[in-house]
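Numbering (the numbering used here), first residue to last: 37 to 391. By construction, the Cβ of each residue, glycine as well, lies at the ideal position given by its N, Cα and C atoms.
Here it is, written out as structure tokens:
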């Protein structure tokens, strides 16, 4: 049964998340494509254009997921995808910092519910022991998005066209697919095992029963204010919050600034710097899949996270103390950091969702 679920759910969800992550992180590639200069933005304004995404992302995360639990997940995910794709494409029309900031804020509004929404959605289908590997594979497409983003940016930089700037082509080419796939996702994704038409009657019954046996009372997915209160009065929520925030600070630093970090390592051109962001992200993709498999196989989360965070610490220390002339050493350190900050997300999400 789980293989049938994998074939139906994972390919589309992974592609959707790849597009989501490209649309939120391509501003780092756009900077190397001339965004900052063309919009006459100061360094401070560029930093704000990065940060404002997260203000709306935090604010609208919870409301979006309340809607997700009370409505059809497939329809809500499709609406979110259409809206963020439209906003991501519209960023190409920005003529000032203000316009870009508005687009980034709206992008955060519509992307806020997608990742946690899918985390909840997948918990409707998979047991706890199956969950980590699937979340890991799903999450690994965020690092693959970085690799694709670098390749696309490198390809666009080779286009000689005066009609639009490189960064404008980047936003259009990477935003339109999200709009096109929105309708497909709303139609193709099932909502819950009880009503899944791609399963037989026996398979639907098996899907429901195995989750009930695995989770017991925690398998109740109804929504109530009592659940909200219980979450905010549980001390483990705040421990998880600290773990997640600390990990996310490092993750988003890599996501938004890796193109600039790589560009400043050597004397290579900006297109070459775009291409050099591909290997760290591709290695992170492979590592995330492998780590998630290991974490599920041994049903262990904490030590996997400790190991990954130790690698991240080593990478950051190397970046801090290696000479700027040591290009190879700094590039290897950037790879270590990228592998670790992406690899630990799937493990910690599975860990806390299992509990």
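Cβ-based neighbour list, residue 40, same chain, cut-off 6 Å, excluding 5 preceding and 5 following: none
Between the Cα of residue 60 and those of 112, 233, 130 and 141, spot the shortest distance and give me the residue it belongs to. 141
Looking at the unbroken alpha helix (DSSP H) that takes in residue 28, where does it start and where does it end? Examination of residue 28 is not possible in this model, given that the chain is present from 37 through 391 alone.
Are the CB atoms of residue 397 and residue 116 nearer to each other than 8 Å? Coverage of the chain is limited to positions 37 through 391, which leaves residue 397 absent and any answer about it impossible.
Quick check: the Cα distance between residue 291 and residue 364, rounded to an integer number of angstroms? 20 Å
Rounded to whole angstroms, how far is the Cβ of residue 207 from the Cβ of residue 124, which I believe are closer than 8 Å? 6 Å
By Cβ distance below 6 Å, which residues in the same chain neighbour residue 119 in space, the five residues on each side in sequence not counted? 146
Tell me the rounded alpha-carbon separation between residue 355 and residue 37. 46 Å
Pair every Cβ in the region 84-102 with every Cβ in the region 187-202, then say whether three or more of these pairs are closer than 8 Å. no
List the endpoints of the continuous alpha helix (DSSP H) containing residue 132. It is not in any alpha helix (DSSP H) - residue 132 carries neither H nor E in the DSSP assignment.
For residue 128 and residue 204, which I take to be in contact (beta-carbon distance under 8 Å), what is that distance rounded to the nearest angstrom? 4 Å
Going by C-alpha distance, which of 221, 107 and 64 is nearest residue 202? 64
Would you grab the beta carbon distance between residue 182 and residue 382 for me? Rounded to a whole angstrom, and I think it's under 8 Å. Actually they do not touch by this definition, with Cβ atoms about 15 Å apart.
Is the region 332-343 touching the region 218-231, taking contact as three or more C-beta pairs under 8 Å? no
Presumed contact (8 Å Cβ cut-off) between residue 156 and residue 101, rounded CB distance: 7 Å
Exposed or buried, residue 346, counting other C-beta atoms within 10 Å across all chains shown (16 or more means buried)? exposed
Pull up the distance between the alpha-carbon of residue 270 and that of residue 276, whole angstroms please. 10 Å
Are residue 177 and residue 82 close, meaning C-beta to C-beta below 8 Å? no
Pair within 8 Å by beta-carbon distance, residue 384 and residue 302: no
Between which two residues does the alpha helix (DSSP H) containing residue 229 stretch? Careful: residue 229 lies outside any alpha helix (DSSP H) and carries neither H nor E.
Between the CA atoms of residue 295 and residue 321 - distance to the nearest angstrom: 17 Å
Can you tell me the Cβ-Cβ gap for residue 179 and residue 317, rounded? I've got them flagged as a contact below 8 Å. 5 Å
Following a CB-centred definition, is residue 265 positioned closer than 7 Å to any heavy atom of the ligand HEM? Ligands are entirely absent from the displayed structure, and the ligand HEM is therefore not among its contents.
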